[in-house]
Amino acid sequence: VFWDLGSQERTTRYVRGLVEVRAAGEHAALVTRTAEQEAAQGDQAPRCTVQLCNAIGAPVDTRQVPVAPRHVAMTATHVVVADQRAVYVWQYRAAAPAAAAAAKGGA
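If you're matching positions, the sequence shown starts at 808 in the working numbering and goes up one per residue.
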């Protein structure tokens, strides 16, 4: 359930194969693994899907990730998915100019 605190509006979404949910700011990352992904895997690396949603649950972007989702984290600009051997980092939003300047040591 996505809940807009300002308008008190709730949006319910059914997500097949949901493994993890993480949120930061106005976005949420939904990590899924479907039976088709596991069956088609064979000798390939494990795969999952990371779907970025906005505050009301509408999909904004999607990535197929070549990592089995063992650990998932999210910040206001990145989604990180990791397993025992690999880390996948997705920068879904550029840092704000003030934050970027502060990171570089500027004002």
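Glycine included, each C-beta is placed from N, C-alpha and C at the ideal position.
Which residues mark the beginning and the end of the beta strand (DSSP E) in which residue i is found?
i	result
V888	885 to 889
L825	825 to 831
R877	Element bounds for R877: n/a, residue is neither H nor E.
T819	No beta strand (DSSP E) contains T819, which DSSP labels as neither H nor E.
Which term fits residue i, buried or exposed, when burial requires 16 or more other beta carbons within 10 angstroms of its beta carbon?
i	result
H878	exposed
P904	exposed
L837	buried
Taking DSSP's pairing of strands, which residues face residue i in a bridge?
i	result
Q871	T856
R866	The question names Arg, yet the displayed sequence has Pro at residue 866. DSSP output for P866 lists C860 as bridge partner(s).
Q898	H885
V838	E827, V857
Hey, residue i and residue j are a contact pair by Cβ (cut 8 Å); roughly how many whole angstroms apart?
i	j	result
R840	P876	7 Å
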